[in-house]
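See structure below.
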Amino acid sequence: MVKRKMSRVNFKVDAVLQYKKSTFKCCVRNISLTGLFLLTDADINIGETAKITVKMESDTTEGQMLLQCEVVRKEKDGLGFQFVEMPLDSYMFLRNLVAYNYGNFNVIDEEYCRHLASKRMKEPGV
């Protein structure tokens, strides 16, 4: 089994997946700072991009995360996505959500710093 580079947290919440002209109601199974897994019957090929809206509602918070994602894994019960782009407010909400559910903000921040550093090292000319 491959060890994940980012901590994932189980997080069940409804989401809307938009791919080309189709819209699918889905459920998030788990999430990290760099991706999520959606329970869905959508048939999207690995490498394709889609938009995902995750609505967040609780007694104290209401909002949504807008995510541009790429399919990186297909399973019989859903799709694994890597985040390609998201607004800053969506990232801040995501960071707080993952860190709170993981239980350690420092670990989550350190993982993300390592992730950014590894991306930077791979860029041409750096």
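In terms of my numbering, the sequence shown is residues 1 to 126. Note that the Cβ used here is the ideal one computed from N, Cα and C, for glycine as well. Since this is a predicted model, take the numbers as computed values, not measurements.
- DSSP lists S22 as the beta-bridge partner residues of Y19.
- Within its own chain, no residue has a Cβ closer than 6 Å to the Cβ of D109 once the five positions on either side in sequence are excluded.
- Between G78 and R29, the gap from beta carbon to beta carbon is short of 9 Å.
- Straight-line spacing of the CA atoms in A99 and S22 works out to 32 Å.
- Its chain contains T49, Q68, C69 and E70 as the residues whose beta carbon lies nearer than 7 Å to that of V84, once the 5 sequence neighbours on both sides are disregarded; these appear in chain order.
- As summarised for the region 38 to 117, the continuous beta strand (DSSP E) elements at least 3 residues long and confined to that stretch are 49 to 57, 62 to 75 and 78 to 85, given in chain order.
- Apart from the 5 residues on each side of it in sequence, R8 sits with its Cβ closer than 6 Å to the Cβ of N30 and S32 in its chain, given in chain order.
- Between V72 and the set I44, P87, F11 and V54, the nearest pair of CA atoms involves I44.
- Excluding the 5 residues flanking it on each side, T34 has same chain C-beta neighbours closer than 7 Å at M6, Q82, F83 and H115, in chain order.
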